[in-house]
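Here the structure comes first, spelled out in structure tokens, and everything after it is commentary.
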Amino acid sequence: MFVQLKADLHLHTRERDRFIRYDARDLIDRAARSGFHVLSITNHDTVTFSADLEGYARERGILLVPGVEMTIEGKHVLLYNADVTPERIRTFADLRRLRRPEWLVVAPHPFFPASYALRNRLLEEIDLFEAIEFSHFYTRRIDCNRSAVRLAKETGLPLVGTSDSHFVRQLGTTFSLIEGEPTVASVLQAIRKGQIRVESRPLTLRECAAIGLAMAVGDLIGGRVPPTAIRSGELS
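Numbering (our numbering), first residue to last: 59 to 294.
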């Protein structure tokens with residue numbers, strides 16, 4: 059039976075970025091209190107997923123979807139339910155060769171003014187992607203999501219609302235409502251079919267500036283843990 063699932067599929071934790079003040083369990087606790095049903099921790103080039111963490115989330119009413127924010131040829135790509143280590147996917151040719159039907163590939167913040175944003179590369183590799191992210195990081199006047207929304211309409215690809223959280227204040231600003239069953243396969247298939255709706259509010263200029271400054275300071279401080287894959291049973 060399909061139900062409406064509150065989901066955020068782009069989240070970061072201090073298991074990878076040490077400037078983040080919460081770990082995976084803290085994030086799950088906060089999300090449970092905020093009424094979320096589905097989460098994916100998508101740390102950079104690191105799979106933060108294990109049977110213990112999956113069980114911890116389940117006990118709190120949350121489905122944890124395995125995910126990772128890959129860096130492929132210098133561009134960020136969200137990859138879900140993949141059964142290979144991030145180290146095996148370095149190029150878009152690798153992704154095209156290795157991807158399987160049960161995976162979901164999403165374009166995160168594709169038209170943001172950053173070197174890691176896909177931008178024109180998304181157009182060149184559009185056949186690899188099954189959805190496009192609608193990012194939380196925008197205001198009423200400044201909105202890099204507009205190009206993403208336009209491309210989604212042109213291609214028929216669904217939009218996935220996410221918070222890309224690195225800080226507590228970001229959680230809940232943008233998320234998705236998915237019509238499906240609370241299983242990984244059902245959630246990902248619902249997204250492919252467009253059974254998803256973005257819920258979002260623009261940030262104020264003050265919020266946007268505060269988040270941008272905090273991210274810049276975090277990048278300056280560094281403290282990123284070397285990429286590791288902690289997913290139980292992952293292929294090498």
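Using N, Cα and C, we set each Cβ at its ideal position, and we do this for glycine too.
Contact between F225 and A272 holds, since their C-beta atoms are separated by about 6 Å, short of 8 Å. Annotation for V135: M128 place their beta carbon closer than 6 Å to its own, counting only its chain and skipping 5 residues before and after.
Only residues of its own chain outside the window of five on either side were considered, and among them H70, T71, R72 and H224 have a CB closer than 7 Å to the CB of I78, listed in chain order. Annotation: the continuous alpha helix (DSSP H) that includes Q247 extends over V242 to R250. Non-local beta-carbon contacts of A140 in its own chain, meaning distances under 6 Å to residues more than five positions away in sequence, involve W161 in chain order. The DSSP-derived three-state label of D201 is coil. Taking C-beta atoms as the reference points, F150 and E188 fail to come closer than 7 Å. Under DSSP, Q62 forms a beta bridge with E237. Straight across, the Cα-Cα distance linking M59 with H167 is about 32 Å. For the pair of segments examined, the segment 247 to 267 was found not to touch the segment 75 to 90: the number of CB pairs separated by less than 8 Å stays below three. At a cut-off of 4 residues, the continuous stretches assigned as alpha helix (DSSP H) that sit fully inside the segment 148 to 229 are 150 to 156, 178 to 182 and 203 to 213.
Beta-carbon to beta-carbon, L111 and D66 are separated by about 16 Å, too far to satisfy the 8 Å threshold.
The secondary-structure analysis by DSSP pairs R255 across a beta bridge with L235. With a cutoff of 7 Å on beta-carbon distance, A248 and E237 are scored as near each other. Counting every other CB atom within 10 Å of its CB across the protein chains shown gives T241 a total below 16, marking it as exposed. A check of alpha carbon separations from R91 across A115, T106, V164 and L246 identifies A115 as the nearest. Within the segment 64 to 149, the complete alpha helix (DSSP H) segments of 4 residues or longer fall at 82 to 91 and 109 to 117, listed in chain order. A Cβ-Cβ contact shorter than 7 Å links L137 with V163.
Taking a C-beta distance under 7 Å as the contact criterion, K64 and H102 do not qualify as a contact pair.
If you compare the alpha carbons of P144, L215 and G276 with that of T106, the shortest gap goes to P144.
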